[in-house]
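This report refers to the structure that appears directly beneath it.
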Amino acid sequence: EYLNGKRNGKGKEYYDNGQLYFEGEYLRGQKTGKGIEYHKNGKLGSEYQYLNGKKNGKGKSYFENGNLQLDGEYVNGVLNGNIKQYYENGNLLYEGGIKNKFMHGKGKEYFENGKLLFEGEYDDGNPVGIGKEYYENGQLKYEGEFKEGKRNGKGKEYDEMGNLIFEGEYLDDNPILKK
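Spelled out as structure tokens, the structure:
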């Protein structure tokens, strides 16, 4: 449907091969309300709410294999709020806060095998404050302070067997003062 030469009302968009790409509603030429996108293989790609042509509100996106890729919130087309992001195999990649597309606030990152990689606070995608890092086998690797994504301040480091190998102060990821 068109009004004054612009898409208005329910509509569909297609790939060059004729496969359905998008179905939803338009207002004055911009996507609005619920919209559904599809992969070229015909499988569901995403379900989002739109406002003034931008993603707004809760939405989900899916890998071509059908597994959930992202469950999160958008504000003016940018990820903000709490999200869950997944690997293509279905395991969790990240759960927690996000601000302007970057991990922000409390969150947890995971290895592709599903084991915990990091838990703590983030700012602009980098670990900050108190956090914990883990080995891929699930064993604690480091617990302590972070600044701008690096170990800075007091901390403890462990080997893959769980043995304490360093306790003291770190500067830019390097141990500097042993306790």
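Oh and the sequence shown: position 170 is 390 in the numbering used here, straight run, nothing missing. Virtual Cβ for every residue (Gly too), placed ideally from N, Cα, C.
Same chain, Cβ closer than 6 Å to residue i, neighbours up to 5 away in sequence not counted
i, result
"Gly245", "It should be pointed out that residue 245 corresponds to Glu in this sequence rather than to Gly. Once the five neighbours on either side are set aside, the close Cβ partners of Glu245 are Lys230, Thr252, Gly253."
"Arg248", "Lys226"
"Lys278", "Glu293"
"Pro347", "Gly340, Phe366, Gly369"
For residue i, the three-state DSSP class (helix, strand or coil)
i, result
"Arg248", "coil"
"Tyr355", "coil"
"Asn346", "strand"
"Asp291", "strand"
"Gln269", "strand"
"Phe322", "strand"
"Lys260", "coil"
"Lys367", "strand"
"Asn372", "strand"
"Asn224", "coil"
"Lys304", "strand"
"Asn276", "strand"
"Glu380", "coil"
"Glu387", "strand"
"Glu284", "coil"
Contact belief for residue i with residue j at Cβ below 8 Å, rounded distance in angstroms
i, j, result
"Phe319", "Leu312", "Sequence check: residue 319 is Lys here, not Phe. The Cβ separation is near 20 Å, so there is no contact."
"Gly316", "Lys328", "6 Å"
"Leu240", "Tyr258", "5 Å"
"Glu365", "Lys374", "6 Å"
"Glu233", "Asn261", "At roughly 16 Å, the Cβ-Cβ gap does not stay under 8 Å, so Glu233 and Asn261 are not in contact."
"Tyr355", "Glu380", "5 Å"
"Gly301", "Gly292", "7 Å"
"Gly286", "Tyr268", "With 8 Å as the limit, Gly286 and Tyr268 do not qualify as a contact, their Cβ atoms being about 17 Å apart."
"Glu341", "Lys326", "6 Å"
"Leu288", "Lys321", "In fact, because the Cβ distance is near 19 Å, the residues do not count as touching under 8 Å."
"Gln359", "Gly382", "5 Å"
Local Cβ density within 10 Å of residue i, reported as buried at 16 or more and exposed below that
i, result
"Arg371", "buried"
"Lys352", "buried"
"Glu332", "exposed"
"Leu397", "exposed"
"Lys361", "buried"
"Gly465", "Outside the shown range of the chain (221 to 399) lies residue 465, about which nothing can therefore be said."
"Tyr378", "buried"
"Tyr235", "exposed"
7 Å CB neighbourhood of residue i in its chain, flanking five on each side removed
i, result
"Gly297", "Lys274, Lys275"
Distance cut-off 8 Å: residue i Cβ against heavy atoms of the ligand MN
i, result
"Met381", "Judged by which ligands are present, the structure shown has none, so any question about the ligand MN falls away."
Contact set for residue i: own chain, Cβ-Cβ below 8 Å, skip 5 residues either direction
i, result
"Val295", "Asn276, Gly301"
"Lys376", "Tyr362, Glu363, Gly364, Leu384, Phe386, Glu387"
"Asn228", "Glu221, Tyr222, Tyr246, Leu247, Arg248, Gly249"
"Tyr314", "Ile303, Lys304, Gln305, Met323, Gly327, Lys328, Glu329, Tyr330"
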